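Enquirer: Can you read through this structure? Questions will come right after.
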Amino acid sequence: MTALVIKGGHLLDPAAGVDGLKDILLKDGHVVEIAGAGKLKQANGAEVVDATGLTVAPGLVDIHVHLREPGQGYKETIATGTAAAAAGGFTTVAAMPNTRPVNDSPEITRWMQSSERGACVRVFPIAAATRGSKGEAINDYAALKAAGAVAVSDDGLPILKDGTMREALAAAARVGLTVIQHAEDTRMTAGGSMNAGPVAFKLGLRGMPAEAETSIVERDIRLVSELREARPHLHVAHTSTAGAMAAVRQARRNGLRVTCEVAPHHFLLTDEHVGLYNTHAKMCPPLRSAADRDAMIEAILDGVVDAIATDHAPHAVHEKEVEFENAPNGITGLETALGLSLYWLHKEWKMPMGRVLSLLSAQPAALLGLKGRGTLAVGSFADVVIFDPKAEWSYRARETKSKSRNTPFDGWTMLGRVRWTISEGRVVYSNPA
Amino acid sequence: MLRRTPSMNPTPAARRAIHPPPGPTSPFPYQPGSLLSAGDLSLAEISQILSRARFLEHEDPLKRDRILSKRKIALLFYESSTRTRTSFELAAKALGADTTLVSSLSSSIEKGESLKDTGLTLRALGAEAIILRHNSSGAPWLLEAETRLPVLNAGDGMHEHPTQALLDLRTMLTHLRPGVTAVDAETLAGVTVTIVGDIMHSRVARSNMMLLPRLGARVVLCGPRELLPEVAGLVGPGMILERNFDSALHQSQVVMMLRIQGERLAGLQLDLEEYKANYQLTGPRLAAHAPKAVVMHPGPIIRGMEVTAGVADGVQSVILEQVTNGVAIRMAVVERALTAGGAA
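Residue numbers (the numbering used here), protein chains in the order written: chain A, 235 to 667; chain B, 6 to 349.
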C-alpha cells in the first residue's frame with residue numbers, strides 16, 4: 235500500500251492530547267509518524283494531502299447505525315451506508331442487528347464483515363442479545379464475539395424481562411461484551427407514535443410516555459448494581475429522557491459501569507418538531523419535551539454523556555410518505571452528526587472542539603473497546619477525518635450518499651465541511667474546496 | 006477514556022443561556038381553499054363562511070345550482086359516516102358540483118393502495134377538491150401535500166373535524182347571539198361551553214377547543230381521567246378541566262355531549278355503569294343544574310348511554326338543528342374550496 239502524508243493541517247487528537255500543526259505519515263493502514271510541520275523523516279515518495287487551514291482529527295466512530303443488510307437493501311446496503319458514513323467523516327460504524335433475518339448468529343456476523351459487502355469504512359457488527367431479538371433465549375456470546383461482534387443488543391426492541399436482562403448482563407460480562415439496551419417499556423408505548431404530552435394530545439396521536447424509557451433504564455441499573463461483582467457493562471442507547479439521564483448520572487456516581495449515548499436529534503429537537511405530522515420527525519425513542527432536550531444538552535456539556543451516536547435509520551421514500559401513525563420509526567444521521575454537533579455544541583454552546591470530537595470518536599471507541607480507533611497516536615489505524623472547521627454550509631438531503639433521505643435536518647446549517655475521509659490509509663471520501 | 010461526571014448539581018440548560026434551535030415552520034395549508042384545522046381559520050374567514058352559509062341556505066336553488074356547475078369533487082371516506090358524508094354530498098350537489106364517493110370498503114384501498122396514490126388517482130380523474138374522512142390523525146395534511154389540491158378535513162382520527170366546529174358555532178350563535186354572523190374575539194364573551202365525555206378520542210372536541218376560545222368562550226372539559234387526561238388542559242388558553250359534571254353544568258350556557266368511541270378505546274377498560282352514574286345527561290340532572298342550557302351532540306347518539314332519550318328529544322336539545330346547519334356550513338366551505346385564491 236502506498237504511503238500518504240497529510241501536510242500542513244491542525245491535528246486535533248484529544249485522546250493523545252495533541253492540538254497543533256503536525257504532519258502525519260500513514261502507511262500500510264496505520265499511523266507511522268507524526269512530526270511538526272515539514273519535519274517528517276520517512277515521507278519520501280509518499281502521496282500528499284494538503285491540509286493547510288484544515289483540522290485533522292481521528293476518523294469518527296458511530297456506535298449506533300442501521301445498515302439494513304441483510305434483508306432490506308432497498309433502504310440501505312452496507313456499501314451505501316458506509317459511503318454515507320465516509321461523507322460524514324465516520325471511519326468506524328457499529329451496525330445494529332435488527333436486520334432480516336436478525337443478526338443473532340456468527341454466520342451473519344461474519345457475512346456483514348465480508349469484503350463482498352463493499353464497505354468503505356470499518357463495520358463492526360453488534361449481535362442480537364437474544365435469539366431473533368425476541369427477548370427470551372440468550373445467544374452464544376462467546377461465539378458471536380469470536381465472529382467479530384463488539385456488543386450485544388436487541389435494538390429496536392428492549393430486553394424487557396428482568397430475568398432475561400440479568401442473564402444477558404451476566405453472560406456478556408463473562409466474555410467481556412457490552413449490553414446495549416434500547417430502553418422502552420413496550421407495555422406502555424403500544425399504539426403510540428410520538429412523545430406523550432400536550433403536543434401529542436393536540437395532534438390526536440397516542441403518546442409514548444417518557445416513563446417507558448426511564449423505568450427500563452432504572453431497572454437495568456438496578457440489575458447492574460446487583461451483579462456488580464461480575465462488572466457488567468450496560469450501555470444505554472439513544473438516551474432521550476431527563477429521568478433516564480438522571481439515573482445514568484447517579485449510577486456513575488455509584489461507580490457502576492453504565493455508559494450512554496445521545497443522538498443529535500435528541501439534543502436538538504423536541505416533540506414540537508413533529509409539526510403537522512412530519513414523518514421525518516418520527517423515531518423511537520421519540521422527540522421529547524423541551525425539558526428532556528435541555529437535560530440532554532446539559533448532560534453532554536457536563537461530560538455525563540459518553541458518545542454522540544446517530545441511530546442512522548434509513549427508510550425508503552415511499553415508507554415515510556404515509557399517515558404519521560403508519561410510518562416506520564427512524565431518520566438518517568451519518569452525514570449530519572459532525573456538522574450539527576460542531577454548529578450547536580461547539581459554536582453555539584461553547585463546548586471545546588476537542589471535546590465534541592472526542593464524543594464522536596475517542597469516547598465511543600473506548601467504550602466498545604475498539605483498539606486503535608478514535609485516536610491518531612503512532613501505531614493506530616490510519617482512520618482520519620480532515621475538515622474545514624470554519625466552513626458553514628447547508629445540508630441537502632437529496633445529495634446524500636445514503637439510499638434514503640429521511641432526515642429532519644434538510645436545509646439545516648452545518649459547521650465543519652469534511653474534505654477528506656481516510657479509512658485504514660485509503661481515501662474513501664474527498665470533497666476538496 | 007470514560008469520563009466521570011464533574012458536576013454534582015447540574016444547573017438547568019436555561020441558566021447557561023443556551024439557545025436551542027427554533028421550532029418548525031408550517032408550510033400548510035398549501036391551498037387557500039383547504040380546511041384542515043379549525044385553528045387555520047382567521048376570525049374574518051370564519052365570519053365569511055358564516056355569512057356565505059346564511060346566503061347559500063336562502064338562495065334560489067336554481068341559481069345556487071350554477072355556482073359550482075359541473076365542478077368535480079371527490080369524497081374519500083376511510084371510515085363510515087352518515088351525517089358528515091351526506092351533508093357534504095348534499096352541499097356540493099346543491100351548488101351544482103358533480104361528486105363521487107370513494108370509500109375504503111369498495112375501492113382499491115382494500116387492495117393496499119396508499120393514500121398518496123388514491124389521492125393522485127382522484128386528481129388524475131379530474132377531482133378539483135377532495136373531502137377526506139380518515140382514521141389516522143393528520144391524514145389530510147399528507148393528502149394535501151401530495152396532491153396539492155384543496156382538501157376538506159371531514160374528520161381525521163382523533164384529531165380534528167373543523168366543519169363540525171363551524172356548524173356547532175352556527176348553532177350556538179342562533180341561540181345565544183341571534184342574527185350575528187360576523188364574529189370577533191368578544192362574540193362569545195361570557196359564554197361557557199362544557200364538552201362532556203370521551204374528549205381523549207374526540208376530533209369534535211379538539212376542533213371546538215381550537216375554535217371557541219378565540220371567540221371569547223370559556224371551554225370547560227368534563228369527564229373521567231381515562232377519557233380526559235390532565236394534559237388536555239394544556240393544549241391552549243381558555244381551557245378548564247372540571248371532573249364534576251354537576252358543577253360543570255351549573256356554569257354552562259352550552260353543553261356538548263360526546264359519544265364514547267368504542268372503536269378507539271384501544272384496550273381501555275371502562276366501567277360503563279359508573280360512567281353513566283357520573284356523566285350521563287339525564288332530565289333531572291339537566292333540570293337541576295342547567296335548565297336553560299342548549300344541549301348539543303355531534304352524533305351519532307347512543308341513547309341511554311351519554312344522554313337519555315328524554316334529553317335527546319327534549320326542548321333544550323338542538324341536536325337536529327346541528328345536522329341541518331351542517332349542510333349550510335358545508336355549502337360555504339365547499340364553495341370556498343373551489344373559489345378561494347381566484348381559481349373559479
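The beta carbon of each residue, even a glycine, is placed where N, CA and C say it ideally should be. Computed from a predicted structure; not experimentally measured.
Return no unless some Cβ of chain A is closer than 8 Å to the Cβ of residue 255 of chain B.
Expert: By this cut-off, residue 255 of chain B is not an interface position.
Enquirer: How many whole angstroms separate the CB atoms of residue 154 of chain B and residue 134 of chain B, which I take to be in contact at a CB cut-off of 8 Å?
Expert: That pair is a contact at about 6 Å.
Enquirer: From what residue to what residue does the beta strand (DSSP E) around residue 359 of chain A run?
Expert: Unbroken beta strand (DSSP E) run through residue 359 of chain A: 356-359.
Enquirer: Please state if the CB of residue 398 of chain A and the CB of residue 448 of chain A are separated by a distance shorter than 8 Å.
Expert: Not in contact: residue 448 of chain A and residue 398 of chain A (Cβ atoms no closer than 8 Å).
Enquirer: Tell me the rounded alpha-carbon separation between residue 241 of chain A and residue 314 of chain A.
Expert: Each residue's Cα considered, the two are about 30 Å apart.
Enquirer: Figure out for me which residue from B:260, B:236, B:235 has the closest Cα to the Cα of residue 222 of chain B.
Expert: Of the candidates B:260, B:236, B:235, the one whose C-alpha sits nearest the C-alpha of residue 222 of chain B is B:260.
Enquirer: Give the residues from the segment 156-189 of chain B that approach chain A closer than 9 Å (Cβ to any Cβ), ordered along the chain.
Expert: If the cut-off is 9 Å between Cβ atoms, the segment 156-189 of chain B has 161, 162, 163, 164, 165 near chain A.
Enquirer: Could you tell me which whole beta strand (DSSP E) segments of length 3 or greater appear in the segment 387-459 of chain A?
Expert: As far as the segment 387-459 of chain A is concerned, its whole beta strand (DSSP E) runs of at least 3 residues are 412-415.
Enquirer: CA-CA distance, residue 500 of chain A and residue 646 of chain A?
Expert: Rounded to whole angstroms, residue 500 of chain A to residue 646 of chain A spans 16 Å at the Cα level.
Enquirer: So residue 585 of chain A and residue 579 of chain A are in contact, right, with Cβ under 8 Å, and what is the actual spacing, rounded?
Expert: Their Cβ separation, rounded to whole angstroms, is 4 Å, which keeps residue 585 of chain A and residue 579 of chain A in contact under 8 Å.
Enquirer: Using beta carbons (cut-off 8 Å, strictly below), is residue 33 of chain B in contact with chain A?
Expert: Yes, its Cβ sits closer than 8 Å to a Cβ of chain A.
Enquirer: For residue 246 of chain A, tell me which candidate among A:368, A:611, A:553, A:637 has the shortest Cα-Cα distance.
Expert: Looking at the Cα atoms, A:611 is the closest of the given residues.
Enquirer: CA-CA distance, residue 282 of chain B and residue 264 of chain B?
Expert: One C-alpha to the other measures close to 15 Å.
Enquirer: Buried or exposed: residue 169 of chain B, going by 16 or more other Cβ atoms within 10 Å of its Cβ?
Expert: Result: buried.
Enquirer: Note down, in chain order, each residue of its chain lying with its Cβ closer than 8 Å to the Cβ of residue 462 of chain A, except the 5 sequence neighbours on either side.
Expert: Excluding sequence neighbours, residue 462 of chain A sits near 490.
Enquirer: If contacts are defined as beta-carbon pairs under 8 Å, then residue 589 of chain A and residue 622 of chain A qualify, I think. What distance do you get, rounded to the angstrom?
Expert: With a Cβ gap of about 20 Å, residue 589 of chain A and residue 622 of chain A do not count as contacting.
Enquirer: Which partner residues of residue 621 of chain A appear in the DSSP bridge assignment?
Expert: A:289, A:652, per the DSSP bridge assignment.
Enquirer: Is the shortest distance between the beta-carbon of residue 509 of chain A and the beta-carbons of chain B less than 8 Å?
Expert: Yes, residue 509 of chain A counts as interfacial toward chain B.
Enquirer: Taking only the alpha-carbon atoms, compute the straight-line gap between residue 10 of chain B and residue 480 of chain A and give it to the nearest angstrom.
Expert: With a pLDDT of 40 at residue 10 of chain B, under the threshold of 50, the modelled position of that residue is not reliable, and no figure is offered here.
Enquirer: Just grab the DSSP bridge partners of residue 243 of chain A for me.
Expert: Looking at the DSSP assignment, residue 243 of chain A forms a beta bridge with A:256.
Enquirer: With a threshold of 16 other CB atoms inside 10 Å of the CB of residue 276 of chain A, please say whether the residue is buried or exposed.
Expert: The residue in question, residue 276 of chain A, is exposed, as its Cβ has fewer than 16 Cβ neighbours within 10 Å.
Enquirer: Please classify residue 160 of chain B as buried or exposed, where buried requires at least 16 other C-beta atoms within 10 Å of its C-beta.
Expert: That one is buried.
Enquirer: Is it true that the CB of residue 248 of chain A sits closer than 8 Å to the CB of residue 596 of chain A?
Expert: Contact: yes.
Enquirer: Could you compute how far the alpha carbon of residue 424 of chain A sits from the alpha carbon of residue 335 of chain A?
Expert: Rounded to whole angstroms, residue 424 of chain A to residue 335 of chain A spans 23 Å at the Cα level.
Enquirer: Indicate, with yes or no, if the ligand ADP has a heavy atom lying under 7 Å from the CB of residue 336 of chain A.
Expert: In the structure shown, the ligand ADP is absent, as is every other ligand, since no ligand is present at all.
Enquirer: Hey, does residue 556 of chain A have any beta-carbon neighbour from chain B nearer than 8 Å?
Expert: Yes, residue 556 of chain A counts as interfacial toward chain B.
Enquirer: Spatial neighbours of residue 143 of chain B within its chain, please: CB distance less than 8 Å, with the 5 preceding and 5 following residues excluded, ordered by chain position.
Expert: Around residue 143 of chain B: 161, 162, 164.
Enquirer: Please report how far the alpha carbon of residue 85 of chain B lies from the alpha carbon of residue 560 of chain A, in whole angstroms.
Expert: Near 20 Å, if we compare the C-alpha coordinates of residue 560 of chain A and residue 85 of chain B.
Enquirer: Can you give me the C-alpha to C-alpha distance between residue 521 of chain A and residue 296 of chain A, rounded to a whole angstrom?
Expert: Those two C-alpha atoms are separated by around 20 Å.
Enquirer: From the DSSP output, in three-state form, read off residue 166 of chain B for me.
Expert: In this structure, residue 166 of chain B counts as coil in the three-state DSSP scheme.
Enquirer: Using beta-carbon positions only, say whether residue 458 of chain A and residue 403 of chain A come within less than 8 Å of one another.
Expert: Yes, the Cβ-Cβ distance between residue 458 of chain A and residue 403 of chain A is below 8 Å.
Enquirer: For residue 120 of chain B and chain A, any beta-carbon pair shorter than 8 Å?
Expert: Residue 120 of chain B counts as touching chain A.
Enquirer: Give, in chain order, every residue of the segment 532-562 of chain A whose Cβ lies closer than 7 Å to some Cβ of chain B.
Expert: Answer in chain order: 532, 536, 537, 538, 540, 555, 556, 557, 558, 559, 560.
Enquirer: Kindly say whether residue 239 of chain B, judged by its beta-carbon, lies nearer than 8 Å to any beta-carbon of chain A.
Expert: It does: the Cβ of residue 239 of chain B has a partner Cβ on chain A nearer than 8 Å.
Enquirer: Chain B beta carbons: is any one of them nearer than 8 Å to that of residue 435 of chain A?
Expert: By this cut-off, residue 435 of chain A is an interface position.
Enquirer: Cutting at 7 Å between CB atoms, please list the residues of its own chain near residue 214 of chain B, excluding the five before and the five after it.
Expert: Excluding sequence neighbours, residue 214 of chain B sits near 224, 240, 241, 244.
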